[in-house]
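Residue numbers for the sequence shown follow the numbering used here, so the first one is 83 and each next one is one higher.
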Amino acid sequence: MRLRNIPGSREAIAENSWCIQDPEQIKGNWHEVFKNDHPIHLEIGMGKGKFLMTLAQQNPQINYIGIEKYSSVLLRGLQKMEEEPLENIRFIRMDAETICNVFQEGEVDKIYLNFSDPWPKDRHAKRRLTSRQFFARYHLILKKEGLVEFKTDNQDLFDFSLEEVEKAGWKLEASTRDLHHDDNMNQGNVMTEYEERFSSMGNPIYKLIASR
Ligand code: SAM
């Protein structure tokens, strides 16, 4: 999601109390930010944050952190938070490539990747959030029993991701090529903005869950 640059979005984010300014300083101490020991779930590439905010409302016993690369996109999420503040959610504007500088080994319980950018050119494969390079990063920050949950409408990216799960030495816990018609995997599904858009166009939604 690449919105038109919104002038002043960087400054607005710098002043926003839901947005963590120097996340590297908090590495290993995220529970102090939330003032509790609840599990920490991340969404990487959260876009405008609808998915994460819905989960945060439904699960006050879980802490959610949304990571987004672009200020203009993140700003939309922050504006929604002003309307309906939630104690168990924070945001970071960063490129997930450096995620290991922000979370300590085993500090995270679950990672959601929703409708991640496909980076269709082969030479950009390592930028895909489900590449083995990213799974190596997730391996470091996730607890031993931690999960990665990935949804997409992009068949090529899904096929690539299934291969990468294996090449990264992870296990496929579950997968479907039609989430919305899979009663088991669709239970409790929270739709993202992209998911609503693509499924209303008739595209099937793919999902996988990976563990180690
Ligand atoms: N997850 C949302 C959804 O399903 O509606 C947004 C999907 S959008 C296609 C992908 C988002 O991931 C964009 O907002 C993009 O800026 C963000 N993104 C892509 N690569 C990223 C990275 N390396 N680190 C952080 N955010 C990233």
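We treat Cβ as the ideally placed atom computed from N, Cα and C, and that holds for glycine.
Considering only residues of the stretch 212-258, which uninterrupted beta strand (DSSP E) runs meet the minimum length of 3 residues and lie entirely inside it, listed in chain order?
Listed in chain order, they are 224-234 and 253-258.
Look at the alpha carbon of isoleucine 174 and the alpha carbon of isoleucine 122, and state the distance between them as a whole number of angstroms.
Cα to Cα, the separation comes out at about 14 Å.
Report, in whole angstroms, the separation of the C-beta atoms of isoleucine 102 and leucine 134, which I expect to be a contact under 8 Å.
Actually they do not touch by this definition, with Cβ atoms about 14 Å apart.
Would you check if there are 3 or more beta carbon pairs closer than 8 Å linking the stretch 190-198 to the stretch 218-225?
The stretch 190-198, when compared against the stretch 218-225, does touch it at the 8 Å Cβ threshold.
Just tell me which of Asn145, Leu244 and Lys162 has its CA closest to the CA of glycine 131.
Closest by alpha carbon: Lys162.
When the Cα atoms are used, what is the spatial distance from aspartate 204 to lysine 117?
Cα to Cα, the separation comes out at about 43 Å.
Within this structure, are the beta carbons of tryptophan 201 and arginine 209 separated by less than 7 Å?
Contact: yes.
Can you tell me which of the three DSSP states asparagine 183 falls into?
Asparagine 183 falls in the helix class under three-state DSSP.
Taking the beta strand (DSSP E) that asparagine 266 falls in, what are its first and last residues?
That residue, asparagine 266, is in no beta strand (DSSP E); its alpha helix (DSSP H) goes 265-268.
Secondary structure at lysine 192, three-state DSSP: helix, strand or coil?
Lysine 192 falls in the strand class under three-state DSSP.
Below 8 Å, how does it come out for the stretch 227-239 and the stretch 285-293: are there three or more Cβ pairs, yes or no?
Taking 8 Å as the limit for Cβ pairs, the verdict is that the stretch 285-293 does touch the stretch 227-239.
Is lysine 162 helix, strand or coil when you go by DSSP?
Correct three-state label for lysine 162: helix.
I want to check one thing, is the minimum distance from the CB of lysine 109 to the heavy atoms of the ligand SAM below 6 Å?
For the ligand SAM, not one heavy atom lies less than 6 Å from the Cβ of lysine 109.
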